[in-house]
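K.L.:
First the structure, which I've put down as structure tokens, then a few questions once you've had a look.
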Amino acid sequence: FERALAVSRLLLMQGADPETIAAALVSQAIPERDLDLEAVQAAFGLELAALIRGVARAGRIESLETSGVDLEQVRKMLLAIAEDVRVVLIKLAERVIYLRSLTKSDEAVQRAAGRQTLELFSPLANRLGVSEMKWELEDFSFRFTEPELYRKIAQLLDEKRHDREAYIQRVIAKLHGELEAMGIAAAIQGRPKHIYSIWRKMRGRNVAFERLYDIRAVRVIVSNVRECYTVLGVVHDLWTPVEGEFDDYIASPKGNDYRSLHTAVVGPEGKTLEVQIRTDEMHQHSEHGVAAHWRYKEGGRADKAFDAKIAWLRQVLSWKQEVLAGEGAGSAKKGLFEDTIYVLTPQGRVIDLPAGSTPIDFAYHVHTDLGHRCRGAKVDGQMVPLNYKLSNAQRVEIMSAKQGGPSRDWLSPQAGYLASSRGLAKARQWFRHEDFEKDVAAGRAALDKELHRLGAGGESHERIAAATGHPKLDEFFAALGRGEVTGRQIEIAVRGETAPPAPAPASFVAPAPSKASSGVLVLGVNNIATMVAKCCKPVPPDPIVGFITRTRGVMVHRQDCSNITGLDAAQRERLMPADWGKTGGEAPFSVEIEVVALDRQGLLRDISEAIARERINVTAVNTLSRGSHAFMRFTLQVGSADAIMRVLRQVKDVPGVDTARRL
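First residue of the sequence shown: 344, per the working numbering; consecutive thereafter.
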């Protein structure tokens, strides 16, 4: 019971909600075999029962790590099984308390626990953004797996501690004075160093302990993003930046949604110093990650905005997430875990499948031939029908014939035998191969019949096949036999016709155009999603045009965008007239400006202040010094093109600025 209390206290310190803490208490205090989840649900509700069930299931997955399973797949399975992300948070807290209890255990036990933690739990803590638990997990693991190295670095840190703390206090006092003079209220603190992180940097950069710039580090916490960049300018004015050591994680957050500005400078006494700059909200997320969001949930009541944020965090955990250019964050919020399940082979290998998959889908995923010969299946040791819907963490065993092929019933959507496009394609491919000769004969007969109708019996079969896009004659006959080549295509090939040119777009009056959330009216189309293109970033009143994408609705471009002017005739048929809605100027739009100026101290600060005078929000800054010039790119949130022109006029008035233009 002491461990249950320790886990709960740790979660409380992380800001977890009451349900999470209660689930941790029950899961630790009562063995799973003695737990009556129906009684828990009746007494405390469905939410708590679901959390406890998730913790129990996640505990069973944990043990897979030692059996040689692909660790990346284990992590993904653990996240998928944890339908509520708080389950993973509880498992991380349990692991921290477990490691704390091993300080006097046998070295072999410590080493095994440390290795498992580094491979399985630390990456999960990183993805969830729970920095406090991540550092403790990593430091304990390093202490257990590399005890000599751990002691050496700990000793070096302790020897230099007094001088380092005095130095940091002088830096804080200096920076406080500068920021107070500018009217910026900031919390400045020394940043604790973690032994595993230090060792990784020493190894990765092949440098000695004394040469690590972030042994001395401070963190500056301010009210808003604009102040973050202002503070950055002040820091770079006070001390010389270290080349190549600036990272803008506000403009480009890490995969766990970590946001902050990182810079390294040559500080007082010529010593290198790391400075992190962030808002308070960014700091809370950095320290507590997903747990930080429970601080703002009142009394356990349903909160749609809160739940949406948690759902987004769960999708951030995907380690193979790719967001296509122009799609934006919204498209990334598709149900990642809801669309995928993770099951096990009898040997313990993790297989990821689309949700709704069956044993036949599983068999085709393992091997095409196994799918063709699949005749039965066991799930967790029990026989199931072949159209049984698999769930997370189930162990699947396929029974197969020595030879044979799939059943045509598998192709029927109503029968529900195949849910994955991969399995369906492989089954269709088998039948296509089996039916090939039959299709060739049917196609040959169909061609003879069509040529007779056209009075072109002597026409070359090879020329007709090539004209329809089939370099191989047998493939052409088979396609014709399957109905994939039409009589009209053959007629065009025989008579040497070409497809008629695309008609010019007809003028029309729009029937009640709909305004999308982007503030854009797409003429002639109702209830269609619109997105502002990232390539040209149009803002009111730029002349715009809509381009119908295949999967993302209408993408809105400037009419002079190179991606629009470069379209071929066929692609131009997908253009739609578009205009800004009446309220288009009220919503903020993201635009970029480029500034070229003579490099000098205070340049970034002066330009930032010029932009701030127009009450424009800066969301990202990229700078590059080349020779005597600085090349800067600012990402701004504006309401109209007029606002951009006003900003450019202000920036051009800054001393030393050569050019300022919109990209």
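Glycine included, C-beta positions come from ideal geometry on N, C-alpha and C.
Note that the structure is a prediction, hence the values are computed from the model and not measured.
Which residue from Arg738, Lys495 and Phe819 puts its Cα closest to that of Gln725?
P.N.:
Arg738
K.L.:
Please report the residue range of the beta strand (DSSP E) in which Asp996 lies.
P.N.:
Segment: none, Asp996 is in no beta strand (DSSP E) and carries neither H nor E.
K.L.:
Going straight from the alpha carbon of Leu461 to that of Trp582, what length do you get?
P.N.:
37 Å
K.L.:
State the beta-bridge partners of Ile620 as determined by DSSP.
P.N.:
Val563 and Leu604
K.L.:
Since Phe890 sits in a beta bridge, which residues does DSSP pair it with?
P.N.:
Phe890 is bridged to Met898 and Leu918.
K.L.:
Sorted by chain position, which residues of the same chain lie with C-beta nearer than 7 Å to Val514's C-beta, five sequence neighbours on each side aside?
P.N.:
Val561, Gly610, Pro611 and Leu616
K.L.:
For Val452, count neighbouring C-beta atoms within 10 Å of its own C-beta (all shown protein chains included) and say buried if the count is 16 or more, exposed if not.
P.N.:
Exposed, because fewer than 16 other Cβ atoms sit within 10 Å of the Cβ of Val452.
K.L.:
CA-CA distance, Arg486 and Val439?
P.N.:
Taking the Cα positions, Arg486 is about 13 Å away from Val439.
K.L.:
Who are the Cβ neighbours of Thr409 in its own chain at under 7 Å, not counting the five residues just before and after it?
P.N.:
Legend: pLDDT at Thr409 = 46, less than 50; position of this residue unreliable, value from coordinates given subsequently. Contacts found: none.
K.L.:
In terms of residue numbering, what span does the beta strand (DSSP E) encompassing Gly533 cover?
P.N.:
Ala530 to Gly533
K.L.:
Just how far apart, CA to CA, sit Val430 and Pro689?
P.N.:
Those two C-alpha atoms are separated by around 26 Å.
K.L.:
How would you label Pro998, buried or exposed, when you count the other beta carbons within 10 angstroms and need 16 or more for buried?
P.N.:
exposed
K.L.:
Identify, in the order they occur along the chain, each residue of the same chain with its Cβ nearer than 8 Å to the Cβ of Asn960, setting aside the five sequence neighbours on each side.
P.N.:
Val568, Arg569, Pro931, Leu979 and Gln980
K.L.:
Can you name, in chain order, every residue of its own chain whose Cβ lies under 8 Å from the Cβ of Glu935, other than the five neighbours on each side?
P.N.:
Lys880, Arg976, Phe977, Thr978, Leu979, Arg1005 and Leu1006
K.L.:
Cβ atoms of Leu391 and Val383: under 8 Å apart, would you say?
P.N.:
Cβ atoms of Val383 and Leu391: closer than 8 Å.
K.L.:
Which one or two residues does DSSP pair with Cys717 in a beta bridge?
P.N.:
Looking at the DSSP assignment, Cys717 forms a beta bridge with Ser743.
K.L.:
Rounded to the nearest angstrom, what separates Ala1033 and Val964 at their Cα positions?
P.N.:
The question about residue 1033 has no answer, for the chain in this structure spans 344 to 1006.
K.L.:
Cα separation between Trp773 and His900?
P.N.:
Distance between the alpha carbons of Trp773 and His900: 44 Å.
K.L.:
Comparing C-alpha positions only, which one of Ala456, Gln498, Lys434 and Ala497 sits nearest to Leu467?
P.N.:
Lys434
K.L.:
In this structure, what does DSSP give as the bridge partners for Tyr685?
P.N.:
Paired residue(s): Asp695.
K.L.:
Pull up the distance between the alpha-carbon of Gly520 and that of Glu508, whole angstroms please.
P.N.:
19 Å
K.L.:
DSSP three-state call for Asn960: helix, strand or coil?
P.N.:
In this structure, Asn960 counts as strand in the three-state DSSP scheme.
K.L.:
Going by beta carbon distance, what residues of the same chain come within less than 6 Å of Arg787, once the five residues before and after it are set aside?
P.N.:
Phe820
K.L.:
Tell me the DSSP secondary structure of Ala1003 in three-state form.
P.N.:
strand
K.L.:
Is DSSP giving Glu937 helix, strand or coil here?
P.N.:
In the structure shown, Glu937 sits in a strand (DSSP, three-state: E or B).
K.L.:
Can you confirm whether the region 900-916 touches the region 943-953 when touching is taken to mean that 3 or more C-beta pairs between the two stretches lie within less than 8 Å?
P.N.:
no
K.L.:
Just checking: is the beta-carbon of Ile496 within a distance shorter than 8 Å of some beta-carbon in chain D?
P.N.:
Structure shown: chain D not included; a single protein chain is present.
K.L.:
Going straight from the alpha carbon of Ser465 to that of Ile531, what length do you get?
P.N.:
Going from the Cα of Ser465 to the Cα of Ile531 covers about 28 Å.
K.L.:
Just tell me which of Phe387, Tyr572 and Pro490 has its CA closest to the CA of Trp542.
P.N.:
Pro490
K.L.:
Are Arg765 and Ser743 touching if we call contact CB-CB under 8 Å?
P.N.:
Going by C-beta atoms, Arg765 is not nearer than 8 Å to Ser743.
K.L.:
If you count every other CB in all the chains shown that lies within 10 Å of the CB of Met356, and 16 or more means buried, which is it?
P.N.:
exposed
K.L.:
Can you find the residues in the same chain that come closer than 7 Å, C-beta to C-beta, to Asp704, ignoring five residues on each side of it along the sequence?
P.N.:
Leu696, Leu761, Ala762, Ser763 and Gly766
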